[in-house]
Amino acid sequence: MPVAMIDGQPLHYLDQGSGPVVLLGSSYLWAHDMWTPQIEALSQQYRVIVPELWGHGESGTLPTQTRSLDDLARQALALLNHLDIAQINLAGLSVGGMWGARLALLAPERINSMVLMDTYLGAEPEATRQYYFSLFKMIEDAGAIPEPLLDVIAPIFFRPGIDRESALYQDFRRSLQVFPRERLLDSIVPLGRLIFSREDILEQLPHLDADTTLIMCGEQDKPRPPAESEEMAGLIGCDLILIPEAGHISSRENPDFVNEALLTFLANNA
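Quick note on the UniProt record's numbering: the sequence shown kicks off at 1 and runs consecutively.
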């Protein structure tokens, strides 16, 4: 995978296919392979770029000057400038949508269209924020994600009925298990705190272009329930698609449905 130096750290990204650019923003705790089915489908007619979050995949340590999701948006813009890309179609899932929307507000002229998936642009509810922060403290104290926590964290990302013996579930659980201590302490935990203490930007959503924005959400998404997506779609005035048989990582739980929805949207907007 190619690399760009952003804020003094190596940012790795996948760059596949040719045509109009589609930038995919990934979820916290997932590498670019969370988009494997979409990369395969979209790269037939689009240039697909997937940056790895700091501390994820092969990307470097969270840069010291990264203090908010606005910084992640600014860093994505720096990557686009590095690649000399004028306009993108953005699809961001979870934190990928959180910084993606901020990028659209920061540089609207760079966004041709945008899909916000399983994400929320309000503040994290206080009880949830405190819960996640307690998990971060346990990880920090252990210097690892302890075995009991694996079975607390992994299920958050999937629909309740997922087969926990499936390759999708087991591969993700294993990826959590092998995060090196240094990476957890220097990047994963501080990035998590940054994400879950984000500012509420719901009042800015009417500034987004309703005609070129789409919201999608897994019907069984627990951390980002459909009610949040309905609230955002109402504020933007854009369409909302609920994804059947999917939880938070809808791109992997119902890839055929997601691919068809993305290809249809891009065909009309890219």
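From the three backbone atoms N, C-alpha and C, an ideal C-beta is built for every residue, glycine too. On a predicted model such as this, the values are computed, not experimentally measured, just so you know.
Less than 8 Å separating the beta-carbons of GLY19 and ARG47?
Yes, they are a contact pair.
For the beta strand (DSSP E) holding HIS12, just list the boundary residues, first then last.
Per DSSP, the continuous beta strand (DSSP E) segment holding HIS12 begins and ends at 9-16.
Just how far apart, CA to CA, sit SER27 and GLY17?
CA-CA distance, SER27 to GLY17, rounds to 22 Å.
Taking buried to mean at least 16 other C-beta atoms within 10 Å of its own C-beta, is HIS56 buried or exposed?
Around the beta carbon of HIS56, a 10 Å sphere encloses 16 or more other beta carbons of the protein chains shown; the residue is thus reported as buried.
Helix, strand or coil for LEU106 per DSSP?
Looking at LEU106 - three-state DSSP - the assignment turns out to be helix.
Kindly indicate which residue of LEU184, GLU147, HIS248, MET216 has the alpha-carbon position closest to the one of ILE241.
The shortest C-alpha separation from ILE241 is found at MET216.
Since ALA73 and LEU103 should fall inside the 8 Å C-beta cutoff, what is the C-beta to C-beta distance between them, to a whole number of angstroms?
Yes, ALA73 and LEU103 are in contact; Cβ-Cβ is about 4 Å, under 8 Å.
Residue of PRO223, ASP7, VAL3 minimising C-alpha distance to MET117:
The option with the nearest alpha carbon to MET117 is PRO223.
Using alpha carbons as the reference points, say which of GLN220, ALA267, SER229, ASP256 lies closest to PHE157.
Nearest C-alpha to PHE157: GLN220.
Does THR64 come out as helix, strand or coil in the three-state DSSP assignment?
Coil.
Can you tell me where the alpha helix (DSSP H) holding GLY234 begins and where it ends?
Residues 226-236.
What are the partner residues of ARG47, as DSSP defines its beta bridges?
Paired residue(s): VAL21.
By the three-class DSSP mapping on this structure, what secondary structure does VAL258 have?
Helix, per DSSP.
In the structure shown, what three-state DSSP assignment does GLY247 receive?
Note: GLY247 maps to coil in three-state DSSP.
Do the stretch 163-183 and the stretch 130-147 make contact, defined as three or more Cβ pairs closer than 8 Å?
Counting C-beta pairs closer than 8 Å gives three or more between the stretch 163-183 and the stretch 130-147, which meets the contact rule.
If you run the structure through DSSP and keep just helix, strand and coil, what is ASP239?
Residue state for ASP239 is assigned as strand, using DSSP reduced to three classes.
Taking just the CA atoms, how far does VAL258 sit from PHE265?
Between PHE265 and VAL258, the alpha-carbon positions lie close to 11 Å from each other.
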